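Asker:
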Amino acid sequence: MYSSSTKWWFAVLAVIVLLLGACSSAPKITQRDGVSRHLPPPEDIAGIPDATPTIEPLSNYGNPESYVVFGKRYHTLKDGQGYNERGIASWYGSKFHGRRTSSGEPYDMYAMTAAHKSLPLPSYARITNLRNNRSIVVKVNDRGPFHDNRLIDLSYTAAWKLGIIGEGTGLVEVSAIDPAAPKPQVTPAPIITEPPSPRGLPELFLQVGAFGSPNNADRLKQRIEEQLQVSVLIEKTMSSADTVFRVQVGPIASVELADHLTQRLDRMGINNPHVVIR
9 MYSSSTKWWF
19 AVLAVIVLLL
29 GACSSAPKIT
39 QRDGVSRHLP
49 PPEDIAGIPD
59 ATPTIEPLSN
69 YGNPESYVVF
79 GKRYHTLKDG
89 QGYNERGIAS
99 WYGSKFHGRR
109 TSSGEPYDMY
119 AMTAAHKSLP
129 LPSYARITNL
139 RNNRSIVVKV
149 NDRGPFHDNR
159 LIDLSYTAAW
169 KLGIIGEGTG
179 LVEVSAIDPA
189 APKPQVTPAP
199 IITEPPSPRG
209 LPELFLQVGA
219 FGSPNNADRL
229 KQRIEEQLQV
239 SVLIEKTMSS
249 ADTVFRVQVG
259 PIASVELADH
269 LTQRLDRMGI
279 NNPHVVIR
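According to the working numbering, the sequence shown is numbered sequentially starting from 9.
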């Protein structure tokens with residue numbers, strides 16, 4: 009029989025062995041997606057052409073009327089006609105290369121493709137970087153991104169051409185393209201390495217509420233300013249029928265700061281702020 013002290017040491021050793029086994033078998037977590045040494049970029053990545061808008065049948069699998077991800081329901085559009093929205097673009101790389109997209113096609117990080125939460129699959133869109141005016145055409149063949157404050161997820165090549173690989177995100181405008189419409193002649197923007205002029209750059213805001221009453225808007229403005237110590241403005245918009253007072257946090261210096269503020273707003277009970285770029 010073992011003494012109580014010996015049994016205690018056996019128990020400690022068993023725990024150590026389990027921990028060492030877990031450490032050796034646990035998968036390594038990559039903090040940032042990117043280019044794998046097993047999938048080097050093409051030598052002439054700048055020469056990869058834009059996607060060519062083509063009339064295609066819609067994916068049966070990728071176009072449910074609605075779907076749920078992380079407990080949130082999203083609704084898909086029957087067509088992209090007239091779709092035009094500004095927001096934050098991100099990108100995804102080798103971590104997903106070769107995996108099945110929501111349209112059924114394998115993801116190719118070096119193709120001109122993108123993921124969107126609501127546009128039909130497949131569809132085509134022109135993406136413009138609002139900070140440097142570079143413009144590309146992509147095929148939307150996947151669902152995502154399912155991250156707060158993100159509008160579209162770009163393939164590596166698409167993000168590289170827009171100049172957002174380094175920062176990881178960019179402020180963009182997404183305009184759906186009708187493949188049946190006449191194709192205008194567009195000269196691609198040159199690849200520029202110099203930073204753009206600070207004058208006229210778009211500004212980033214988080215819209216946290218819209219009210220018919222200016223008093224309600226002002227109360228929310230004061231609450232956020234007092235608790236978060238940030239700049240908040242009220243934008244007054246008028247139509248033939250109503251006047252709306254939109255409460256917007258900003259301008260915000262970076263996407264990272266916008267993400268941080270979104271978390272702090274959530275703790276205040278202010279959920280799902282809407283990204284506004286102007």
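The beta-carbon is built from N, C-alpha and C at its ideal position, and this holds for glycine as well. None of these values were measured; they are calculated from a predicted model.
(1) Are there 16 or more other CB atoms within 10 angstroms of the CB of Leu273, so buried, or fewer, so exposed?
(2) Should Val252 go down as buried or exposed, given a rule of 16 or more other Cβ atoms within 10 Å for buried?
(3) Pull up the distance between the alpha-carbon of Thr136 and that of Val284, whole angstroms please.
(4) Report back the beta-carbon spacing between Ile160 and Ala97 to the nearest angstrom; my notes put them in contact at under 8 Å.
(5) Cutting at 6 Å between CB atoms, please list the residues of its own chain near Glu64, excluding the five before and the five after it.
(6) Using the Cα positions of Leu241 and His282, report the straight-line distance between them to the nearest angstrom.
(7) With a threshold of 6 Å on Cβ separation, who are the neighbours of Arg254 within its own chain once the five nearest residues in sequence on each side are excluded?
(8) Rounded to the nearest angstrom, how far is the Cβ of Val182 from that of Glu93, given a contact under 8 Å?
(9) Does DSSP put Asp116 in a helix, a strand or coil?
(10) Out of Gly152, Ile53, Arg231 and Gly208, point me to the one whose CA is closest to Met276's CA.
(11) Have a look at the DSSP bridge pairing and note the partners of Ser131.
(12) Jot down the residue ranges of each uninterrupted beta strand (DSSP E) in the stretch 220 to 273, minimum 3 residues, whole runs only, in chain order.
(13) CB-CB under 7 Å to Asn71, same chain, minus the five flanking residues each way: which ones, in chain order?
(14) Going by DSSP, which residues form a beta bridge with Leu179?
(15) To the nearest angstrom, report how far apart Arg134 and Ala122 are at their CA atoms.
(16) Grouping DSSP H, G and I as helix and E and B as strand, with all else coil, what is Gly217?
Answerer: If we stick to the structure as given:
(1) buried
(2) exposed
(3) 16 Å
(4) 5 Å
(5) Pro130
(6) 14 Å
(7) Gln215, Ala218 and Glu243
(8) 5 Å
(9) coil
(10) Arg231
(11) Val148
(12) 240 to 246 and 251 to 260
(13) Thr84, Pro128 and Leu129
(14) Ile96
(15) 11 Å
(16) strand
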